[in-house]
Amino acid sequence: MHEVMISGGKSMERHLCERCAAAAGVQIQPQPPGVTQILSQLMKGAAAGGPPAEKGPPPQGGAASACGGCGLSFAQFRQAGMLGCPQCYSSFEGQLGPLLSRAHEGGTHHVGKVPRSIELARLASGGGASAARAEAAPQTDERARAALLRKQLAEAVAAENYERAALLRDELQKLEALLRSATAPTGAPSLARPPRATRKPKPEQGEEGSGR
Amino acid sequence: MSQPGGFGGELFRGGAEWLSGRGAESDVVISSRVRLARNLAGFPFVCRANRLQRQAVLDLTRQRLTTTGIADRVLWVDVHRAGPLERTLMVERHLISKEHARGPTGGTAGQAPASAALAAPAGEAAAEPRGVAISLPDESLSVMVNEEDHLRLQVVRPGLELSRAFAEVNRVDDLLEGETAPGRGGKPLEFAFSPRFGYLTACPTNVGTGIRVSVMLHLPALKLVGEMDKVRRATRDMGLAVRGYYGEGSEAAGEFYQISNQTTLGKPEAVILHEFEREIIPQVIQYERASRRILLDKRRRMLEDKVFRSLGLLRGARLLTPEESIVLLSDVRLGVLAGLVTDIELATVNQLILLTQPAHLQRVIGHDMDQGERREARADFVRRAMGAA
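Protein chains in written order, with our numbering: chain A, 837 to 1048; chain B, 1475 to 1863.
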């Protein structure tokens, strides 16, 4: 416990252990909870039938009592802390959104690496066989991601953390290039990068080993 | 690319590369680890999958991991078929987690326990299909299959080398989902990914980038000058987790601490790495070094007493537990780095931290022992390594 008292224009500094601080009547700020604790508390609160831990938008597609992919109910998730399958994220999107935002310091959308197959499908989204894959990446998500990056960039500049700002700027430029290419007309020069070769089963011969 | 078929020969007999004492800032930073969590599209997560589905995930990923060139040589281990000693060896070498050694239960340390519906029946968990691919000979890369997520890729490097560790794990990630030359590598893996939430993981605390950046630090001087609690608070204020030597749920042993990120959604990998490598960890390193200087300049006698008492115990003890060993070795490590102990190599101290663990000790001695025998053998082994009779 580190306490600075200013009295009569004089500053006095004290270093106390938590027990001595309590004995001296100094109020100790509780530790900020970790992500896991937040998640656990939110889920326990909801499981106990208490008030919703977070006001969020009404569930979108999350009104389902069980995931269509694996049958997991949101109550089971609250109890175990584990989702059952990738589809759970869309089944429970409405409930998960605010919970994740709190657990991830306000993070609402993924920013960062994208699987190569999806990245290339987005680049080719002007048409062709990959368009179906690209539909999985609606531009609303891209725009939300860009907005999040711009906010982080502004914060980094305000804090004069120029190294971090440069990293965020690079990330933002990549995303904006993607957005531009997605809105470009079919066959535009920006789509010059060839789409990924279609995935065909590869011949199995010639592979080394088979396990142990 | 080849696959040694098991634990024979000299495998896992010596020390681990991440404990070699090499790498940047190795006076304070023991090792750097970057882990990526990935799941296959089209399969339930491990906690919800039945045995057939787990086996299918294992077959798909094993083929990819052992034939795609993720390392010059790859060792594949079916963890569910490995013996208890082999599993413990891999845990002690930080190649697999304790949870992976035990078998899937649907929950992790620090989380609410899994419901009975999600958990594998007791006693059967150890038989659930799961594995690990390990790069040889350096063991810097390991990929756990069917742990909490279908794939947990990790690279561990000695010292502060997070960028290099990330570059390496990212390369493996790309290889697993990328096209390979015809006839090699099998079918590319398709990872579960959402435009909004990124890489989808069983536990929502990992969703997004799926990245966990972790640095193991040795901070004995900060503890001795009474500043460790302040560091703990500061790192927690920054949304980071502070754990002990043995990872999740463990307290500090011998003043070895692991600091890792907790936020995985809404921040790009490059920024998370930058925060660690350029902003947070350098500050902690400077703080520890300043504390070491204070001890040497102002409290030298106290420091000498602490170091040489511990060295005396290690050189004279006839019975040693692993917990006591690591505490004493931590003091001696500080003494070597401070220039007080000159007849012991830093590498020797580092490797003893690993070789005094129960499974490694039995491996080194060459036969199984009960706890009492291990205490005696450990003390004998340490005395010899420390140059005492």
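Virtual Cβ for every residue (Gly too), placed ideally from N, Cα, C.
It should be emphasised that the depicted structure is a prediction, and the values quoted were computed from it without experimental measurement.
query                                                                                                                     : result
Separation of R914(A) from A1001(A), as counted between CA atoms                                                          : 37 Å
Neighbour-count burial assignment, R1626(B), 16 or more Cβ in a 10 Å radius                                               : buried
Outcome for R1509(B) when other beta-carbon atoms lying within 10 angstroms are tallied against a minimum of 16           : buried
Whole alpha helix (DSSP H) elements within the stretch 1607–1664 of chain B, 4-residue minimum                            : 1636–1651
Chain A within 7 Å of G1543(B), Cβ atoms only                                                                             : no
Members of the stretch 1608–1630 of chain B near chain A, C-beta cut-off 7 Å                                              : none
CA-to-CA distance, S1494(B) to V1815(B), given in whole angstroms                                                         : 19 Å
Distance, A1511(B) Cα to V1531(B) Cα                                                                                      : 15 Å
Under 7 Å between C-beta atoms of L1747(B) and L1636(B)                                                                   : yes
Bridge partner(s) assigned by DSSP for R1509(B)                                                                           : Q1628(B) and R1686(B)
Buried versus exposed call for P1669(B) [16 or more other C-beta atoms within 10 Å across all chains shown]               : buried
Terminal residues of the alpha helix (DSSP H) in which A1821(B) lies                                                      : L1820 to L1829
The stretch 923–932 of chain A contacting the stretch 1667–1684 of chain B, beta-carbon criterion three pairs below 8 Å   : yes
In DSSP terms, what L1514(B) is bridged to                                                                                : F1665(B)
Spatial neighbours of E1865(B) in its chain, beta-carbon cut-off 8 Å, leaving aside the 5 residues before and after       : Outside the shown range of chain B (1475 to 1863) lies residue 1865(B), about which nothing can therefore be said.
Residues that P1518(B) contacts on chain A, provided the C-beta gap is smaller than 8 Å                                   : G905, C906, G920 and C921
Classification of M1776(B) by the beta-carbon crowding that lies within 10 angstroms, buried from 16 upward               : exposed
CB contact below 7 Å: A1511(B) versus chain A                                                                             : no
Neighbourhood of Q1736(B) by C-beta distance below 6 Å, restricted to the same chain and skipping five residues each side : G1713 and A1715
Inter-residue spacing [alpha-carbon to alpha-carbon] between G904(A) and R1522(B)                                         : 13 Å
Buried or exposed by the 16-neighbour rule on C-beta atoms within 10 Å, applied to E991(A)                                : exposed
Per-residue burial, D1711(B) [other beta carbons within 10 Å of its own, 16 or more giving buried]                        : exposed
C-beta contact flag for L1802(B) and L1788(B) at 7 Å                                                                      : yes
Proximity to I1570(B) [Cα-Cα], best of D1623(B), I1544(B) and D1533(B)                                                    : D1623(B)
Contact set between P1694(B) and chain A, taken where Cβ atoms lie within less than 9 Å                                   : Going along chain A, no residue has its Cβ under 9 Å from P1694(B), so there is no contact; the nearest lies around 19 Å.
Proximity below 7 Å, CB of L908(A) to CB of G920(A)                                                                       : yes
Neighbour flag for L1003(A) against chain B, beta carbons, 7 Å                                                            : yes
CB contact below 7 Å: R1000(A) versus chain B                                                                             : yes
Range of the contiguous alpha helix (DSSP H) that encloses Y1719(B)                                                       : Note, Y1719(B): premise wrong, no alpha helix (DSSP H); not H, not E.
Contacting residues, own chain, Cβ-Cβ under 8 Å from A1853(B) (five flanking each side not counted)                       : A1791, R1792, L1793 and L1794
Contact with chain B by L1008(A), beta-carbon distance below 7 Å                                                          : no
Residues of its chain near A1851(B), where Cβ-Cβ distance is below 8 Å and the 5 sequence neighbours each way are ignored : L1835, I1839 and M1843
D1533(B), DSSP secondary structure in three states                                                                        : helix
Straight-line Cα distance separating L985(A) from N1620(B)                                                                : 33 Å
C-beta neighbour in chain A for R1852(B), strict 7 Å                                                                      : no
Bounding residues of the beta strand (DSSP E) (the contiguous stretch that carries V1856(B))                              : Segment Q1845 to A1859 is the alpha helix (DSSP H) holding V1856(B); no beta strand (DSSP E) there.
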